[in-house]
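K.L.:
Be aware that the sequence shown starts at 55, since it is given in this note's numbering, and climbs by one per residue. For glycine and all other residues, C-beta sits at the position ideal for the given N, C-alpha and C. This structure is in structure tokens; I'll ask about it shortly.
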Amino acid sequence: MVAIEDWAKWQEEICAIGVTNPLIHFAANSFGQIDLERSHPGGFSQFVTGGQTLLSNLVRDPLAFSRALSAARRIKAKSDRISNNFGIETLHLIGGLANFEADGFDLNIPILLWPVSMVRKADDYEIALDGEPIVNPALVEALDTCYGIKLNEADLLARQNESSDLIPVTVLNFLANLAGDTANLDLKRILVISNFTTVISELLADIDKRGNPLLEALMGEPSEGLADIDVPELNLVVDADATQMRIVSRALAGQSFAVETLPGCGYTQTVVNVIAGLVHDSKRVLVVAPRRQTLNEIADRFSEIGLPGIAVRADSTWVDLVAGISRNEKAQPDNVEAIRNERIAAEAEIDKYFDALNATDPELGVSVARVLRELSALSALARPALTSARIPSEKLLSHLDRTNALELLHQAHDLGEFKYGPQDSAWYQAVFESPTQVEQILGTAKKLHEETFPKLSSQLSEFTAKVNFKSAATVEDWGTYLRLFVGIRDTLDRFVADVFDRPLTELIAATAPRKGAERNQMSGGNRRRLKKLAKEYLRAGMHVADMHTALKDIQQQREQWQLYCSIPSAPQVPTGINDALISYQEFVEDLEKIQQHLDPDSEEPALIKLSLPSLQLKLRSLANDTDALANLGDRALVMSRIREAGLAGLARDLGKLHTTREHIALELDQAWWQSALESVVARDGSVLGYSAHQIESNELRFRAAYLAQIAIGAKTVAHELSIRWNSALASAPNEATALKQLLRTRQASFAQVAQIAPSLWPALAPAVLVSPFQVAAELTKSQQFDAVLVLDAAGTTVAENLPALSRAKQVIAFGDDAIAAPTGFEIESRPTQIGREVAVESIFSQVRRAFGAEVLRKSYRSTSQALGELINREFYQNRIQFLPTAAEYQGQRNFTLELVTEGNRAKTTIEGATESLDAELQHTVELIFNHALWHPQQSLLVASASKVHADRIRAAVIEGLKSRSSLSAFFDLHGREKFEVTPIAELTHRLVDRVIFSLGFGRTSHGAVLSNFGQLSEPDGRRYLANLLVSAREEITVVSCFAAEDMPSDRLANGALILKDLLNATAAQPVPAAKVLDPMLGDLSIRLKKLGARVDDTFSRDLPLVVSYAKTSAVIEPDWSIPGQSRTEKFRIRPGLLTAMGWKYIRVYSFELFSDPQSVAIRIAEQLGLQVTKQPLPLFDSDDQAFEDTDIAWGDRGDSNDMRLEQDKPPHWG
């Protein structure tokens, strides 16, 4: 149960609405009232009959009219303000007065009220009665409470209708007779136009102290905050980021909570999605907001998306009902499932790529994206890693922690292993089993280098020269030559030399084996003849066992001779061939001994296959470069462990690179990450199947599918409502007929529709929009709602919302307590306002404490936020997430300071002399008319910290329009953003294109600046200033008689403390964002700079890389780091917002940027307008030269040497 103390507190707060209540305590006040008791009979007669009557016809005395006109301005201004900001109509005429003071009651109560309209007509007002009279509900309650008298309102109004007089004597007599002897009422006739409201009585009458579960929970124990919630598939009707989707999910789940709506962060679109979601779930929604503009914005937004009339406004009921019925009749079903499936399919394609890119490898625990970033970081260092070595995949896991591997490599380095590489010593990575073996092999190497190789090389060179052979290239060639020489020698020992000169083909065939194919093709006689001929080539006494093989060898020897010999000659054998062959065989044997100990992992050819010059160098290195064999045993032990660890390839690279100790870790990391990339891709190479074009197409497909689903969301809601409406019509035909008759009158109210069509009303108005002050009057207690949405909740109290809360099961409060507070209003106009005496808590704070809160933090203003950094820092603890516009990057400023340098001092020293100086007034009015002339398409708000100054500006504009009638249209344009001049204390949250803040205070006569800045220095000065600054959509202009440095440094309070920073904002320079640039983006930025683009990686913390050329600016965003909590934010909302803010949005993809960064840079440069691959073509053929362009036409000789001079360049020019 709600505590009795809470009910008492709420009743007290309701009674304090308006500060004072002239319907209970009426007091004459010429400052804010128009007394019609002494009005002119002619004008009054016209007024009484309901006609439009000028105030000047009612009050004809010049002095009295002047007072009445001033009062009318105040009454009208207050009426408009209360109507717009609280939804309460206060413009009334009261008639008759009942004074209870004779009986000891402090009550002076008007009897009747008439609604009145006031329309400005030049320097006059047109006034008319705007409805039937009502009895003051406070009078009914007072008579009952004080005397127990039950007043029959119908009887009293009947007495009023008996006469043409507004307050006939019969009315006063009826009350006097009703009171009788029990009351000493002092009844008298008055007729006064002023600001009055019956809201207090209506709210008090609506209180039901039984309460409900929602009120009990609201006043219960504070919440520990909101629990996490899973976001289901939502039927959204407008864009929503992750936070907004979570808010909609909570609303649909029936949770009560608060939503802190930071400026420009999607307040309206969130409310629209919540209402649409609840309505789609067959829930009825009550939406309350004190500001009429807020309710209109919601209704207009629904109309824009194809859901007009889904939320019915109390002050536009007929219009919204007709729109809703029309929508219901036109609604058609759509293929929701197909569109949803297309979006899901598009999401799946995107997810496949990003899952492959970001999936953690089960073995190594790293993703492809991370590997690419690590490799890029290594390559972007001032001294990048250079190794291309790989670590075997089976060894990678053991090196996740590379401490041990690094220690091994450090040991090898300390032993000198990396002092020499394969290019430095032939003994690099040599393998020996003992020092003795080292000595033996070294001796062999020296012998080969110093003796064997030179000798053998000389001898064989002599042989080849004698027989005119080509010089041998390798040791293998030596062996080939020697084997040929030996073969020829053996042939000549058995055959005559002529055998090399004769064709042997037929002889070979004739001597072939019996079953040989060659033999079968020859006749027997011819074969016998040829065999006999073959034997004739044998030397006398020689015998050959296999003539066929011998002849084939001779044929091959002749062919080889012809191949190697450079001059045609008969084969011959050099002298000393036996010795040479023995030396060669020993040489080869020694080479093979040495080869066994050389680097087993070397990719060089074996010694025997090296070219002779290379072999000579290698032997020289083997003989002389023996330092690489120092402490070979220790190094061999370490190297064996390195090989076991799979680091042999890396060790080889470290030796080649002569890596220093401090760089070994980099090279190890490079080898590991390169190997990891290959290993990860080998296990799952799906990421390689995506090209940049394919990924971009997938993103475009998702955006299109998402937009289609958002568009279909509104149609889905419309069709669902249509089904409910048609069902309700079918079940209640009589109500349908009655409703039709009502709508034909072109007037309707909530109460009327609910009375004549109670079954149709919920289907026709699934959501209603109403001021919290109107709920009691507009909605009966029997009308219950599933949820109440309290908008602008930071500016209203729980007591003011009791009627709404008592009719609902769930509450969601949207508000921003940095710019709003429940300060209420004053119903009466006075020279000095009293102000709310008791500070009360807003319903927003109460709901936040009781249930917890979500925060809308991402700004979606496409024009950014003027003075965003100051606003964020001073009022929102840097919680708003702003994105800068391209215009800001190009240097455009959205804040200007207009200093008044002439006439900026007070002319006297009296108190208040510095307020509203004429020079500042004139300068502000000039700015206003200049805006109206040059920027009429932009809405304008003018505010001041001085109410006097604001009033003078308003009057000066009205006076100025008399001579600038052509500009008068501007001041009636822009609808809800209509031109306004207001003190900052009276400004309620609104949005306009441009704000002019004329401070309203100047210097003293001595040039000093005082510390009192009017409403800025008041306790709520910070809130006033915050509300003003967040109202500007595009630009803020401050008009001041002094600069920041002129302000005093002490005695400043509240909003005045921020004024100095505000005046300094024009001189503020952008501070580079401190961030670490991604390595791959760093490499890309260097390439873009070389192509001629301007690159900035410190412009904003929220933009990874900004690049521009001429007037085109682009945001480069990599796919491995896309801001956003959902696909919608990453691929739809963020790109769309940046594009709307003037940026060209360019996505770069991991593998594309890693594998071919130059192509990516060129593509981006050409998107910016740089001509990189497409060179401009000459407009005219350069050979077709006009005579006036020739040298002769300019008086030069035809044989000019200009061309030679152009081509002659000094050597140092390059």
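Exposed or buried, valine 420, counting other C-beta atoms within 10 Å across all chains shown (16 or more means buried)?
P.N.:
Buried, because 16 or more other Cβ atoms sit within 10 Å of the Cβ of valine 420.
K.L.:
Compare the Cα-Cα distances from lysine 501 to each of Arg674, Asn266, Pro76 and report the closest residue.
P.N.:
It is Arg674 whose Cα lies nearest to the Cα of lysine 501.
K.L.:
Buried or exposed: where does alanine 677 fall if 16 or more other Cβ atoms within 10 Å of its Cβ makes it buried?
P.N.:
By the beta-carbon neighbour count (other beta carbons within 10 angstroms, threshold 16), alanine 677 is buried.
K.L.:
For lysine 794, does the three-state DSSP call read helix, strand or coil?
P.N.:
helix
K.L.:
Quick one: grab the DSSP three-state call for proline 1177.
P.N.:
Of the three classes helix, strand and coil, the one that applies to proline 1177 here is coil, per DSSP.
K.L.:
On the CB-based measure, 16 or more other CB atoms within 10 Å of its CB, does glutamate 337 come out buried or exposed?
P.N.:
Note that residue 337 is lysine in the sequence shown, not glutamate. Buried, since its Cβ has 16 or more Cβ neighbours within 10 Å.
K.L.:
Along the alpha helix (DSSP H) that carries lysine 1144, what are the first and last residues, could you check?
P.N.:
DSSP places lysine 1144 in the uninterrupted alpha helix (DSSP H) bounded by 1133–1144.
K.L.:
Assign histidine 467 to buried or exposed, taking buried as 16 or more other Cβ atoms, counted over all protein chains shown, within 10 Å of its Cβ.
P.N.:
With 16 or more Cβ atoms within 10 Å of its Cβ, histidine 467 is classed as buried.
K.L.:
When DSSP labels each residue in this structure, what does asparagine 83 get in the three-state scheme?
P.N.:
coil
K.L.:
Output the distance between the C-alpha atoms of histidine 602 and phenylalanine 517, rounded to the nearest integer angstrom.
P.N.:
30 Å
K.L.:
Hey, isoleucine 1275 and alanine 967: beta-carbon distance below 7 Å or not?
P.N.:
Nothing can be reported for residue 1275: it is not among the residues displayed for the chain, which extend from 55 to 1268.
K.L.:
Within a Cβ cutoff of 7 Å, which residues of the same chain sit near asparagine 984, ignoring the five residues on either side of it in sequence?
P.N.:
Contacts found: none.
K.L.:
Have a look at the DSSP bridge pairing and note the partners of proline 164.
P.N.:
Leu151
K.L.:
Might you give, ordered along the chain, the residues of its own chain that have their beta carbon closer than 6 Å to the beta carbon of valine 246, omitting 5 neighbours on each side?
P.N.:
Gln87, Asp89, Ile148
K.L.:
Am I right that leucine 910 and cysteine 319 are in contact with their C-beta atoms under 8 Å? What's the rounded C-beta distance?
P.N.:
4 Å
K.L.:
With distance defined between alpha-carbon atoms, name the residue in Ala527, Val390, Phe1096 nearest to leucine 669.
P.N.:
Ala527
K.L.:
Cβ of arginine 1030 within 7 Å of Cβ of serine 1065?
P.N.:
With a cutoff of 7 Å on beta-carbon distance, arginine 1030 and serine 1065 are scored as not near each other.
K.L.:
In angstroms with no decimal places, state the Cα-to-Cα distance between proline 1126 and serine 1154.
P.N.:
7 Å
K.L.:
Considering just the uninterrupted stretch of the alpha helix (DSSP H) at valine 328, what are its terminal residues?
P.N.:
321–334
K.L.:
Helix, strand or coil for glycine 1268, going by three-state DSSP, please let me know.
P.N.:
For glycine 1268, the pLDDT reaches just 39, beneath the cut-off of 50, and the residue's location in the model is therefore unreliable, although a value from the coordinates is still provided. It is coil, neither helix nor strand.
K.L.:
Can you give me the C-alpha to C-alpha distance between valine 73 and aspartate 60, rounded to a whole angstrom?
P.N.:
20 Å
K.L.:
Measuring alpha carbon to alpha carbon, tell me which of Glu428, His597, Pro625, Ser918 ends up nearest aspartate 723.
P.N.:
Glu428
K.L.:
Tell me which residues share the same chain as arginine 1076 and place their Cβ nearer than 6 Å to its Cβ, disregarding the 5 neighbours each side in the sequence.
P.N.:
Asn1108, Gly1109
K.L.:
Using DSSP with H/G/I as helix, E/B as strand and the rest coil, what is threonine 74?
P.N.:
DSSP places threonine 74 in coil when its eight states are reduced to three.
K.L.:
Taking leucine 652 as the reference, which of Ala499, Lys606, Gln611, Leu241 has the closest Cα?
P.N.:
Ala499
K.L.:
Would you be able to state if there are at least three C-beta pairs under 8 Å between the segment 948–968 and the segment 918–934?
P.N.:
yes
K.L.:
What are the boundary residues of the beta strand (DSSP E) that includes glycine 869?
P.N.:
Taken as a continuous stretch (DSSP letters only), the beta strand (DSSP E) holding glycine 869 covers 865–869.
K.L.:
Using only alpha-carbon positions, find the residue among Ile1007, Ser993, Val1002, Ser370 that is nearest to alanine 1023.
P.N.:
Ser993
K.L.:
Taking the C-alpha atoms as reference points, what is the distance between glycine 1268 and leucine 1191?
P.N.:
Since pLDDT at glycine 1268 reaches only 39, below the 50 mark, its modelled position is unreliable, and no value is offered.
K.L.:
Between isoleucine 217 and the rest of its own chain, which residues show a CB-CB distance below 7 Å, the 5 nearest in sequence each way excluded?
P.N.:
For the sequence presented, residue 217 should be read as serine rather than isoleucine. Excluding positions up to five away in sequence, the list reads Thr224.
K.L.:
Can you tell me which of the three DSSP states cysteine 619 falls into?
P.N.:
Residue state, collapsed to three classes: strand.
K.L.:
On the DSSP bridge list, what partners appear for arginine 959?
P.N.:
Arg1057
K.L.:
Buried or exposed for leucine 1053, please, with buried defined as at least 16 other CB atoms from any protein chain shown within 10 angstroms of its CB.
P.N.:
buried
K.L.:
If we require 3 or more residues per run, which beta strand (DSSP E) segments fall completely within the segment 212–268?
P.N.:
240–249
K.L.:
Based on the DSSP output, what are the partners of glutamate 969 in its beta bridges?
P.N.:
Phe1055
K.L.:
Which residues mark the beginning and the end of the alpha helix (DSSP H) in which isoleucine 1170 is found?
P.N.:
No alpha helix (DSSP H) contains isoleucine 1170, which is instead part of the beta strand (DSSP E) from 1166–1172.
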